[in-house]
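Novice: Residue numbers for the sequence shown follow my numbering, beginning at 19 and rising by one.
We put the beta carbon where it would ideally sit given N, CA and C, even for glycine.
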Amino acid sequence: MSILWAALKCTLKAGDKMLAISSGLFGEGFAEMAKTFGVNAEICAFDYDVIPDSERVREHVKKFRPKIITAVHCETPSGTLTKNLYELGSIAHEFDALFIVDFVSSAGGAPLNVDSCKIDIGLLGSQKVLSLTPSLSISSISPRAWDVIKQVNYSGYEAYLSWQNVPENKLMPYTHDWHSMKALNLSLSSIIQKGINNACKRHEESAELCRSLGREMGLKLFPKNEDFCSPTVSAFYVPKKFTWQEFNYLLREKGLAIGGNYGKLSGQVFRVGHMGSQANINLVRSGMNIIREVINN
Numbered sequence: 019m020s021i022l023w024a025a026l027k028c029t030l031k032a033g034d035k036m037l038a039i040s041s042g043l044f045g046e047g048f049a050e051m052a053k054t055f056g057v058n059a060e061i062c063a064f065d066y067d068v069i070p071d072s073e074r075v076r077e078h079v080k081k082f083r084p085k086i087i088t089a090v091h092c093e094t095p096s097g098t099l100t101k102n103l104y105e106l107g108s109i110a111h112e113f114d115a116l117f118i119v120d121f122v123s124s125a126g127g128a129p130l131n132v133d134s135c136k137i138d139i140g141l142l143g144s145q146k147v148l149s150l151t152p153s154l155s156i157s158s159i160s161p162r163a164w165d166v167i168k169q170v171n172y173s174g175y176e177a178y179l180s181w182q183n184v185p186e187n188k189l190m191p192y193t194h195d196w197h198s199m200k201a202l203n204l205s206l207s208s209i210i211q212k213g214i215n216n217a218c219k220r221h222e223e224s225a226e227l228c229r230s231l232g233r234e235m236g237l238k239l240f241p242k243n244e245d246f247c248s249p250t251v252s253a254f255y256v257p258k259k260f261t262w263q264e265f266n267y268l269l270r271e272k273g274l275a276i277g278g279n280y281g282k283l284s285g286q287v288f289r290v291g292h293m294g295s296q297a298n299i300n301l302v303r304s305g306m307n308i309i310r311e312v313i314n315n
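1. Please return the same chain residues whose Cβ sits closer than 7 Å to the Cβ of SER180, not counting the five positions on each side in sequence.
2. So what does DSSP say about PHE265, is it helix, strand or coil?
3. Can you check DSSP and say which residues form a bridge with ALA163?
4. Once DSSP output is grouped into helix, strand and coil, what is the label at LEU206?
5. In chain order, what residues of the same chain have a beta carbon less than 8 Å from the beta carbon of ARG229, not counting five sequence neighbours either side?
6. Using 10 angstroms around the beta-carbon of PRO152, count the other beta-carbons present and answer buried if the total reaches 16, otherwise exposed.
7. Check whether the segment 169-184 touches the segment 249-268, taking contact to mean three or more Cβ pairs, one atom from each stretch, closer than 8 Å.
8. I'd like to know if the segment 110-118 and the segment 138-155 are in contact, where contact means that at least 3 CB-CB pairs between them fall below 8 Å.
9. What is the DSSP secondary structure of ASN183, counted as helix, strand or coil?
10. Give the single residue among SER72, TYR280, LYS272, MET293 whose Cα lies nearest to the Cα of ASN307.
11. Helix, strand or coil: which one does DSSP assign to MET190?
12. Quick one: any contact between the segment 33-45 and the segment 61-72, if contact means 3 or more CB pairs under 8 Å?
13. Distance, Cα to Cα, GLU222 vs PRO84?
14. In angstroms, rounded to a whole number, what distance separates the CA positions of SER134 and ASN315?
15. Which residue comes first and which comes last in the alpha helix (DSSP H) that contains PHE48?
16. Considering only C-alpha positions, which residue in the set ASP114, PHE254, VAL57 is nearest to ARG162?
17. Only counting the same chain, and skipping five residues up and downstream in sequence, which positions put a Cβ closer than 6 Å to that of GLY291?
18. Would DSSP call PHE82 helix, strand or coil?
19. Go through its chain and collect everything with a Cβ distance to ILE156's Cβ below 6 Å, but skip five positions before and after it.
20. Pull the bridge partners of SER153 from the DSSP assignment, please.
21. What whole-angstrom Cβ distance do GLU93 and PHE44 have, given they're in contact under 8 Å?
22. Measure the alpha-carbon distance for SER295 versus LEU301 and round it to whole angstroms.
23. To the nearest angstrom, how far is the alpha carbon of ALA125 from that of ASN298?
24. Just to confirm the assignment: which complete alpha helix (DSSP H) runs, minimum length 4, are found wholly within the segment 212-270?
25. Short of 8 Å in beta carbon distance, which residues of its chain neighbour LEU154, apart from the five on each side in sequence? Order them along the chain.
Next up, the structure:
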């Protein structure tokens with residue numbers, strides 16, 4: 019959460035306009051957070067089982083003229099991937115807005131290029147595809163974003179400004195988690211050595227197997243269209259014969275932990291993660307076999 023607060027507080031002041039593109043819980047969260055410190059935040063909302071429509075977004079931006087536009091690449095509660103980031107980023111730049119994207123649970127497992135997608139601030143967590151402890155908040159920041167960050171001049175604990183010159187002067191603003199930094203270096207080195215295309219392929223193959231096995235056992239995929247599905251997480255409706263609590267209990271008794279859900283999806287949709295070290299077809303097959311056993315008993 020710290021990295022989301024950093025992106026907003028470093029680029030926005032009370033009274034500024036922000037548009038949150040939302041097709042899920044985390045997209046809405048951007049607007050809720052910004053409102054807490056006086057930002058005029060609107061939501062361009064879409065159903066949770068689809069991805070944002072670029073033309074609708076463009077019309078909203080044209081009318082509202084926000085300073086900041088936010089989007090979520092992978093909506094983990096919904097199992098969707100916003101695959102039109104290039105179009106959304108182009109709209110943001112057309113109307114001179116910064117484009118902030120949460121790619122916490124997708125970067126490293128789904129195709130993504132911050133420059134070509136015109137992402138001014140990209141947000142990444144260490145605990146998802148990188149398979150590390152949840153201890154690091156990571157951002158990519160464009161020159162356009164640095165200009166705005168300097169104008170806002172936010173000075174809180176999560177402020178970006180104190181980090182701008184770290185690569186040159188080699189001085190951290192405060193004691194850092196060196197153990198996690200070492201682990202991060204190893205994780206990134208592994209992705210680089212094997213190739214990002216191979217990493218994305220491994221995630222896509224794991225996702226396809228998960229969805230295929232789910233269909234075989236009668237599970238209903240949550241997104242309306244399989245083209246909307248994320249390669250890092252799959253979302254299915256809870257089987258009708260169970261409540262979520264019953265289903266979750268039976269799976270955990272067999273040693274399988276899967277994700278429940280929140281808000282209007284609570285109790286209705288569950289999630290199977292296949293990201294990072296768990297984007298492995300043998301692990302996916304083992305996990306889905308446990309789900310099959312529970313459903314068939």
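Specialist: The structure says:
1. Counting only Cβ-Cβ distances below 7 Å, and skipping sequence neighbours, we find PRO191.
2. Three-state result, PHE265: helix.
3. According to DSSP, ALA163 bridges with nothing at all.
4. If DSSP states are grouped into helix, strand and coil, LEU206 belongs with the helices.
5. The beta carbon of ARG229 lies closer than 8 Å to those of LEU239, GLU244, CYS247, SER252 in the same chain, with the five residues before and after it left out.
6. With a 10 Å radius around the Cβ and a threshold of 16 neighbouring Cβ atoms, PRO152 comes out exposed.
7. Of all C-beta pairs linking the segment 169-184 to the segment 249-268, fewer than three are shorter than 8 Å, placing the two stretches out of contact.
8. Of all C-beta pairs linking the segment 110-118 to the segment 138-155, three or more are shorter than 8 Å, placing the two stretches in contact.
9. Under the three-state reduction of DSSP output, ASN183 falls in the coil class, being neither helix nor strand.
10. Considering only alpha carbons, the answer is LYS272.
11. Coil at MET190, not helix or strand.
12. They touch, by the three-pair rule.
13. One C-alpha to the other measures close to 35 Å.
14. About 49 Å.
15. 43-53 is the span of the alpha helix (DSSP H), which, as asked, contains PHE48.
16. Nearest to ARG162 by alpha-carbon distance, out of ASP114, PHE254, VAL57, is ASP114.
17. Excluding sequence neighbours, GLY291 sits near VAL251.
18. It is helical.
19. Counting only Cβ-Cβ distances below 6 Å, and skipping sequence neighbours, we find LEU142.
20. Note: SER153 is not bridge-paired with any residue in the DSSP secondary-structure output.
21. Indeed they touch by this definition, with Cβ atoms about 6 Å apart.
22. If you draw a straight line from the Cα of SER295 to the Cα of LEU301, it comes to about 9 Å.
23. In this structure, the straight-line span from the alpha carbon of ALA125 to that of ASN298 is close to 17 Å.
24. Counting only runs of 4 or more, we get 214-234.
25. These residues qualify, in order along the chain: GLY143, SER144, ASP195, SER198, MET199, LEU202.
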